[in-house]
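So the mapping is simple: this note's numbering equals the position in the sequence shown, first residue as 1, plus 2.
Below is one structure, written out as structure tokens, with a few remarks after it.
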Amino acid sequence: MAKVHVIDHPLIVHKLSLMRDKQTGSKEFREAIQEITTLLCYEATRDLPLKEVEIETPLARAKVRIIAGKKIAVVALLRSGIGMVDGVLQLVPTAKIGHIGMYRDPETLQPVEYYCKLPTDIDSRDVIIVDPMIGTGASASAAIDFIKNHGGKNIKFITILMTSDAKENLEKEHNDVDFYCAAVDDKLNDKGFIVPGLGDAGDRMFGTK
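Pasting the structure below:
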């Protein structure tokens, strides 16, 4: 059964603290989110299959193991998910990239889709969805459903923060998807922001308000 994996490596904990600090500027924020994503991707790809091949080292022939040709797609939820893509590509440079655009209705807090562009062979790839924050879990769940409807089967989700309610909801709604995050925060405030959180990830990343 899939679940939420909270990765509390000291480097992740340290970099997340920098992201939470309101004094951290956009440049440092972007760097931290990319670095945390790379560290989380390291964990998310731990189960990639390997195959044995024979190579020649400078000294002798040797049997070694390499990744068994697994095809991967990284799908960013717009807009802040864009800042996480390069963090995945650091480890999986041949991955294809897709984008899903959703915004949260300010009244209902439910996701509304406005854009989608996925690799045409999404049904034959392992999919890694990236979005830095999961509040209610509604947008994350909708994105997973959307990818499943396009044929995606093996799906993982990398985020920075989620709420305890989102964790509970997503583990029930998508028990075939593993989630990897840096921390689980307490709640949402009345404006739909994660508390204590790190503010609006997109605004802090791109220097907008």
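Backbone N, C-alpha and C fix where the C-beta goes; we use that ideal spot for every residue, glycine too.
Since the structure is predicted, the reported quantities are computational estimates derived from the model, not experimental observations.
For residue i: DSSP bridge partner residues
i, result
"tyrosine 44", "Per DSSP, none; premise fails for tyrosine 44."
"methionine 164", "Ile136, Val186"
"histidine 7", "Tyr182"
"lysine 65", "Glu56"
"isoleucine 74", "Asp128"
"valine 197", "Lys189"
Among the options, nearest to residue i - alpha-carbon criterion
i, options, result
"leucine 80", "Asp180, Ile146, Lys150, Tyr105", "Tyr105"
"lysine 98", "Gly89, Tyr116, Leu172, Ile74", "Ile74"
"valine 15", "Val186, Asn156, Cys118, Leu120", "Val186"
"alanine 142", "Lys119, Asp123, Asp180", "Asp180"
"valine 77", "His152, Asp188, Pro198", "His152"
"asparagine 191", "Asp23, Asp202, Ile131", "Asp202"
"tyrosine 182", "Tyr44, Asp23, Lys150, Glu33", "Tyr44"
"valine 94", "Gly204, Gly199, Arg32, Thr47", "Thr47"
"lysine 72", "Ile38, Lys211, Asp178, Ile130", "Ile130"
"serine 166", "Ala184, Glu33, Lys158, Thr110", "Ala184"
"serine 126", "Ile157, Glu33, Lys119, Gln112", "Ile157"
"lysine 169", "Gly89, Gly137, Lys53", "Gly137"
"leucine 91", "Ile102, Leu50, Asp205, Thr40", "Thr40"
"threonine 210", "Leu13, Gly27, Leu163", "Gly27"
"aspartate 146", "Asp123, Thr96, Glu175, Glu56", "Correcting the residue type first, residue 146 is isoleucine in the shown sequence and not aspartate. Cα-wise, what sits closest to isoleucine 146 is Glu175."
"alanine 34", "Glu54, Leu13, Asp49", "Leu13"
"threonine 96", "Arg67, Asp128, Cys118, His11", "Asp128"
"isoleucine 102", "Gly204, Phe148, Gln25", "Phe148"
"aspartate 188", "Leu200, Pro108, Asp178", "Leu200"
"proline 51", "Lys193, Pro121, Ala70, Asp205", "Ala70"
"threonine 122", "Val132, Arg206, Gly154, Lys29", "Gly154"
"proline 108", "Lys193, Ser82, Leu18, Gly204", "Lys193"
"phenylalanine 208", "Lys24, Leu18, Phe31", "Phe31"
"leucine 120", "Pro113, Lys150, Thr110, Gln112", "Lys150"
Beta-carbon separation (whole angstroms), residue i vs residue j, contact threshold 8 Å
i, j, result
"isoleucine 160", "leucine 42", "5 Å"
"proline 134", "arginine 22", "Incorrect: roughly 12 Å between the Cβ atoms, too far for contact."
"glutamate 115", "alanine 144", "7 Å"
"glutamine 36", "glycine 85", "7 Å"
"leucine 163", "isoleucine 196", "6 Å"
"glutamate 56", "arginine 63", "6 Å"
"leucine 172", "valine 6", "7 Å"
Extent of the continuous beta strand (DSSP E) run through residue i
i, result
"arginine 81", "That residue, arginine 81, is in no beta strand (DSSP E); it is neither H nor E in DSSP."
Endpoints, alpha helix (DSSP H) assigned at residue i
i, result
"glycine 204", "203-208"
Quick check for students: name the residue ranges of the beta strand (DSSP E) that lie wholly in the segment 95-162, counting only runs of 3 or more. Taken in chain order, the whole beta strand (DSSP E) runs of length 3 or more contained in the segment 95-162 are 98-106, 113-119, 128-132, 157-160.
In chain order, which alpha helix (DSSP H) runs of at least 4 residues are fully inside the segment 16-63? Counting only runs of 4 or more, we get 28-46.
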